[in-house]
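Asker: Before we start, here is the structure in question, set down as structure tokens.
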Amino acid sequence: MTRTGRATARRFAPSADGRLVAQTWLGSRAILLVVAVVVMTGYHRTFSQVTGNWDVQHYMSIARNGYADPLEMAFFPGLPALLKGGSFLGIPMEVTGVLLGLIGSALAAWALFRIGGMLPACLWLIAPATVFTMVGYTEAPFCAAAFWAWERARAGRWWAAALLAGLACTFRVSGLFLIGALAVLAVLGDRDEGRPTSQAARRRRLIDVVNRLSTLLVPTAVLVAFVVWLHRLTGSWTAWSQAQTNGWRRGFTTPAETLRHTLPATHADTWRSLYGAGASGVAVVFRLELVSVALGVLVFVYCLVRRRWASASWVGIQVVAFSIGYWYMSVNRATLLWFPLFVALAEVTRGPSKPPGLVLLWRGIMGIVIAIDLAVMVWWGWRFFTGGWAS
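Here the sequence shown is numbered in the UniProt record's numbering, starting from 1 and rising by one per residue.
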């Protein structure tokens, strides 16, 4: 092999860190697959019954019938379109959802590996609520598109970032927050960068910022197109928000009201009449919603301290959105979108490099933490696969 050939081979050969990310992806999916198989055999359920719970039913309904149910206008059309495409090929929609989750989670982890390195990508793959990246939910495809949009924008490839952000906007309203965070990235960057001093340099920078911001018209147009489409179906410009309010109580409230509405949901007695023996599990999920909100606030502050303005805006604007939406619900799933959370976790858990005894102690502590995390991940997967409320 020539020197050029060897250099090319080294360039495309997976690094040790990359292999560890791939192994973590495979291992985490295998763990959840085992949980699903145990549920199928223990509860005598089919694959579709195990993987087709909760919002998966809404996405499949839209794929079959369009937006016949006004409440389902709360869901964006990207995932239903992919599920429908799979059905044209004779693939059951639940299977298509799982395949999209597997592919999307792999692509998202790859992007996060390029953004923050091995550890953030691995931590994302074993996040407690990672089951939602393995079934027909929007988290995996959205994260794949959004993370790569961020990675491309950081690399200065703004048109590629805009196209990927536009794709992300077809999956969920979080695309709106992505546009806002990318705008901050275009103007301020995501680190403490020096500002140009000469007039010519300032002019060039202004032109660059305008050019970057102009690319964001692409994902903005995607969101506008969805609003216009719903208007043509319903005659209402607020069809999406009305569906959110009528179906999931997500009207506008103050943060204090949102917290006050959520606190009763953290008690099992609130759910006893609806869920019976499963009420305590529902209450635990809502307690974890509050933990997720607190994590979001901490990450927002952490990014501000580190002068990561765009990352701070990406997490902060979502925390604000959840804080004015009647109650804290589905924040647990939203943490999967917060890649700055996993970058921050990787940084604060890196630990000491010496002396050897302290290094071993730290590794032991982190091993225990990871074991607990995996146990929670299994518990969350069990809840979803058995049909229990999981966020």
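All residues carry an ideal CB built from backbone N, CA and C; glycine is no exception. Note that this is a predicted model, so its numbers are computed, not measured.
Taking 8 Å as the threshold, find out whether the stretch 71-80 comes into contact with the stretch 157-173 through three or more Cβ pairs.
Answerer: Cβ pair count under 8 Å is three or more, so yes.
Asker: Answer with buried or exposed for Phe286, where buried requires no fewer than 16 other C-beta atoms within 10 angstroms of its C-beta.
Answerer: Result: buried.
Asker: Taking 7 Å as the limit between beta carbons, can you name the residues of its chain near Leu32, skipping five residues before and five after?
Answerer: Taken in chain order, the residues that qualify are Val131, Met134 and Gly381.
Asker: Compute the beta-carbon to beta-carbon distance between Thr51 and Ala63, rounded to the nearest angstrom, for a pair I have assumed lies under 8 Å.
Answerer: Not confirmed; about 15 Å, so no contact.
Asker: Could you give the uninterrupted runs of the beta strand (DSSP E) lying entirely in the stretch 59-92, keeping only those of 3 residues or more?
Answerer: For the stretch 59-92, not a single whole beta strand (DSSP E) run of length 3 or above is found.
Asker: Nearest to Val282 by CA position, among Val293, Thr270 and Ser292, is which residue?
Answerer: Answer by Cα proximity: Thr270.
Asker: Skipping 5 residues on each side, what residues in its chain have a beta carbon closer than 7 Å to that of Ser330?
Answerer: For Ser330, where only same-chain residues beyond five positions count, the Cβ hits under 7 Å are Ser391.
Asker: Could you give the residue range of the alpha helix (DSSP H) that holds Ala256?
Answerer: Counting along the chain, the alpha helix (DSSP H) containing Ala256 begins and ends at Pro255 to Thr262.
Asker: Report the three-state DSSP secondary structure of Val350 (helix, strand or coil).
Answerer: Reading off the sequence shown, one finds Arg at residue 350, where the question assumed Val. Coil.
Asker: How about Leu295 and Thr335: do their beta carbons lie closer than 8 Å?
Answerer: In this structure, Thr335 lies closer than 8 Å to Leu295 by Cβ.
Asker: Evaluate the contact criterion for the stretch 139-152 versus the stretch 104-116: three or more CB pairs, one atom per stretch, below 8 Å.
Answerer: Segments in contact, yes.
Asker: Could you give the DSSP three-state label for Ala13: helix, strand or coil?
Answerer: Its pLDDT being 46, under 50, Ala13 is placed unreliably by the model, and the measurement read from it follows with that caveat. Looking at Ala13 - three-state DSSP - the assignment turns out to be coil, as it is neither helix nor strand.
Asker: Answer with buried or exposed for Gln23, where buried requires no fewer than 16 other C-beta atoms within 10 angstroms of its C-beta.
Answerer: Looking at its Cβ environment, which holds fewer than 16 other Cβ atoms inside 10 Å, Gln23 is exposed.
Asker: Which residues in the same chain as Gly251 place their Cβ atom closer than 6 Å to its Cβ, once the five residues preceding and following it in sequence are excluded?
Answerer: The residues are Thr245 and Tyr326.
Asker: Where Tyr137 and Asp55 are concerned, what is the direct C-alpha to C-alpha distance, given to the nearest angstrom?
Answerer: Their backbone Cα atoms lie some 7 Å apart in a straight line.
Asker: I believe Phe322 touches Val293 by the beta-carbon criterion, under 8 Å. Please report the beta-carbon distance rounded to the nearest angstrom.
Answerer: Contact flag correct, Cβ pair sits at about 7 Å.
Asker: If you draw a straight line from the alpha carbon of Pro264 to that of Thr258, how long is it in whole angstroms?
Answerer: If I take the Cα positions, the gap works out to 11 Å.
Asker: How long is the line joining the alpha carbons of Arg212 and Trp158, rounded to whole angstroms?
Answerer: C-alpha separation (whole angstroms): 6 Å.
Asker: Within 10 Å of its beta-carbon, does Gln318 have 16 or more other beta-carbons around it, so buried, or fewer, so exposed?
Answerer: With 16 or more Cβ atoms within 10 Å of its Cβ, Gln318 is classed as buried.
Asker: Give every residue of the same chain whose Cβ lies closer than 6 Å to the Cβ of Phe12, excluding the five residues on either side of it in the sequence, and list them in chain order.
Answerer: Bear in mind that a pLDDT of 39 at Phe12, under 50, signals an unreliable position, so the number given afterwards is only what the model happens to contain. Around Phe12: no qualifying Cβ.
Asker: Taking Tyr328 as the reference, which of Leu71, Gly101, Pro255 and Leu223 has the closest Cα?
Answerer: Among Leu71, Gly101, Pro255 and Leu223, the Cα nearest to that of Tyr328 is on Pro255.
Asker: Look at the alpha carbon of Glu151 and the alpha carbon of Thr215, and state the distance between them as a whole number of angstroms.
Answerer: Rounded to whole angstroms, Glu151 to Thr215 spans 15 Å at the Cα level.
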